[in-house]
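Some notes on the structure that comes next.
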Amino acid sequence: MTSDEVRSVPRRPLPPLDYDKPNLARMKDALLGGHDHYEIDRLAVEAFLTVAPDGAAVAKEFRSWASRVVRFLAGTRGVGQFLDLGSGMPYVENTHQTAQRYNPDALVIYVDDDPVVQAHGLALLEDHLVHVSGADLRDPEQTLNDPAIAEHLELDRPVAVLLNAVLHHIEDLDRARAIVRGYVDALAPGSYLLLTHYYTDGEGPYGEFARKLDGLMDGIGYPTVHRSREEIESLFDGLEMLEPGLVHLHEWWPEGPRLAPLTRLNYLSVGGVAVKP
């Protein structure tokens, strides 16, 4: 497809910016040391860091986990299509950079309904193999029919769907399951689900800390929920989990010996990868 054809795909108008409320994508950008955020986002991050001062390091853990998984799927499993849902701001190592390093023909589509993310994505990322959608990922049917996706994604071929640090913002577990199922049902056999989620066993100091973090995020205006292992595993129903299973992010195929010390936050998130049979 030529660049003129890419530009001809109709675009939804960008929604107006809300400067009075922090935004998750911009908060993550602030945590990761980016520059594409506003004072309201920095204030929310400062509040978060007063409770979890290692939050920036763990935000990078989520990114590093995603890079390791994408590298494995693109390089070892030969996956050629990636749908990154709730992708956030462009960062140092983005999904398409990792995927195309190991599979130069890999198609990557980023989905995020934040207008700042869309503007930066369209300006910095888009080419004939990289596209940006402003669809609401909570509606799988609408998302998959968005022109930026429907024009490029081939659903009769395997796709890797990435939900990195997304579903713990969906408070209702049945709705979170329905969102995942909406994507999985549309995918061809041999497709993959890549998922990270806030986790707690609900007991002891870790459980108390998880509840404190959930209360903090609720006060900011973006509720989160730390779920049990059984609840998170239910998001993979009908899929075959890859080794090492659902584990803490630093345990999923780590790259060499660990240099940074582990903190409480490291034990309050898990990730897993599963394939559609």
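Be aware that the sequence shown starts at 9, since it is given in our numbering, and climbs by one per residue. Positions of the beta carbon are idealized from the N, C-alpha and C atoms, including for glycine. Bear in mind that the values here come from a model prediction, so they are computed numbers and not experimental data.
Note to self: When you compare the CB positions of V119 and A82, do they come within less than 7 Å of one another, or not?
What the structure shows: One thing to note: V119 has its Cβ no nearer than 7 Å to the Cβ of A82.
ask   = Exposed or buried, what is L267 when buried is set at 16 or more other beta-carbons lying within 10 Å of its beta-carbon?
value = Counting C-beta atoms within 10 angstroms of its own C-beta, L267 has fewer than 16 neighbours from the protein chains shown and is therefore classed as exposed.
Rounded straight-line distance, which links the Cα of H234 to that of L221: Distance between the alpha carbons of L221 and H234 is about 9 Å.
Which class does D28 belong to by DSSP, given the choice of helix, strand or coil? Residue state, collapsed to three classes: coil.
| field | Cutoff 6 Å; reference L171; Cβ partners in own chain excluding five residues on either side | value | If we look at L171 and ignore the five residues flanking it on each side, its Cβ neighbours are L93 and L203.
In this structure, does DSSP put I228 in helix, strand or coil? Shown here, I228 sits in a helix according to DSSP, grouped into three states.
_Using the three-state DSSP reduction, which class does E248 fall into: helix, strand or coil?_
Three-state result, E248: strand.
Original post:
Name the DSSP bridge partner or partners of H256?
Top reply: V278, per the DSSP bridge assignment.
Within the continuous beta strand (DSSP E) that includes A168, where are the two ends? Note, A168: beta strand (DSSP E), A168 to L171.
Burial state of S141, where buried means 16 or more other Cβ atoms lie within 10 Å
By the beta-carbon neighbour count (other beta carbons within 10 angstroms, threshold 16), S141 is buried.
Taking all protein chains shown into account, do 16 or more other C-beta atoms lie within 10 angstroms of the C-beta of P285, making it buried, or fewer, making it exposed?
P285 should be labelled exposed.
**Prompt:** Helix, strand or coil: how does DSSP classify S95 here?
**Reply:** Coil.
| query | What's the gap between the Cα of E248 and the Cα of E47? | reply | E248 and E47: Cα-Cα distance of roughly 43 Å.
inquiry  = Whole angstroms are fine: how far does the CA of I228 sit from the CA of L250?
reply    = Using only the alpha carbons, I get a separation of about 35 Å.
- According to the Cβ coordinates, are A282 and L201 closer than 7 Å? It is a contact, given that the beta carbons lie within the stated cut-off.
Identify whether R237 lies in helix, strand or coil by the three-state DSSP scheme. In the structure shown, R237 adopts helical secondary structure according to DSSP, grouped into three states.
Might you give, ordered along the chain, the residues of its own chain that have their beta carbon closer than 8 Å to the beta carbon of Y214, omitting 5 neighbours on each side?
Contacts found: T208, R272, Y275 and L276.
Check: Roughly how many angstroms lie between the CA atoms of G86 and R185, to the nearest whole one?
Finding: Spanning the two alpha carbons is a distance of roughly 27 Å.
Practice problem: Label T58 either buried or exposed according to how many other C-beta atoms from any shown protein chain fall within 10 Å of its C-beta, with 16 as the threshold for buried. | Solution: When all chains shown are included, T58 counts as exposed.
- Message: Please state the DSSP three-state secondary structure of D135.
- Response: Strand.
So which of D147, R189 and A107 has the shortest CA-CA distance to L243?
Looking at the Cα atoms, R189 is the closest of the given residues.
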